[in-house]
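Just so you know, we're using my numbering here: the sequence shown kicks off at 146 and counts up by one. Report on the structure given below.
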Amino acid sequence: MTRRHFQLSQHALADAYLGVGQVKAATEMLEHVVAAGETALAENHPNLLASRHQLAGAYLADEKAIVILKKVVEMYETLPEDHPGRLALQHVLACVNLRDWEPERAVAILEVVVRNAEALPEDRLNRLVSQDELARAYLNAGQLKKAVAMLEDVVRIRKAQPEDDMNRLSSQHYLACAYLAENVVEMMAKVVQKVPRRLVS
């Protein structure tokens, strides 16, 4: 079994733990995966970033961990703004604020993350995910024009991905929601029509 296959197996098991409410088991496994990745991979390696993202999801399911997370983010603020570790934690903290219905705080954090991610190629997954999250925060904060502008850009870039790619579909979904919130029904219909029929039938 290759390192990548082993990592995917661990991710799948962690997902299973989360699915049955065993948050502690999932968190412990993912912390091990992230620790191993940090010793073997570059800070911006896609596999390490994916592991950190999944660990963030486990932390979000654990109320106690959120308190710890906020303290860790404070410590990371001594690092350069574009440090991958700092950006990853800021992204997670913004997700916490969105979950707790504090969209304005999430917007403030994610605007910094997106600004620093602009140094990456526009089709880099990390950059697109951050833009997606910021657009969601804009939607929740009622900043509809900003949400639409950002999501139109993300959807344009994601056209290079397969039609049934979940990230592409998610971006299209949020763009349709943004158009609906702005009462631009014609544009919403155009977005929905681009979703493969087999996925909505």
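Built from N, CA and C at the ideal position, the CB exists for glycine as well.
Distance check between R301 and each of V178, L193, L273 places L273 closest, using alpha-carbon atoms only.
Boundaries of the alpha helix (DSSP H) harbouring Q276: 270-285, taken from the DSSP string. V293: member of the alpha helix (DSSP H) spanning 289-303, first to last residue.
Secondary structure of E267 (DSSP, three-state): coil.
CA-CA distance, K290 to T184, rounds to 42 Å. Residue state for G182 is assigned as helix, using DSSP reduced to three classes. Ranking L255, E297, A280, A305 by CA distance to the CA of R269 puts A305 first. Boundaries cannot be given for A187, as no alpha helix (DSSP H) includes it and DSSP labels it neither H nor E.
By the neighbour-count criterion, in which a residue is buried when 16 or more other Cβ atoms sit within 10 angstroms of its Cβ, M311 is exposed. Of the other Cβ atoms in all chains shown, fewer than 16 fall within 10 Å of the Cβ of R260; this residue is therefore exposed. With a beta-carbon spacing of about 10 Å, V178 and S154 fall beyond the 8 Å limit used to define contacts. When rounded, the separation of the alpha-carbon atoms in E263 and V165 is 38 Å. Annotated three-state conformation of D160 is helix, per DSSP. Q306 sits in coil when the DSSP states are folded into three classes, being neither helix nor strand. When the alpha-carbon of A251 is set against those of P266, E267, A286, the nearest one is in A286. Of the residues V299, E327, E308, A326, the one whose Cα lies closest to the Cα of S316 is V299. Contact annotation: A159 and Q199 have beta-carbon atoms nearer than 8 Å. Taking 8 Å as the cut-off, the Cβ atoms of L279 and E256 count as close.
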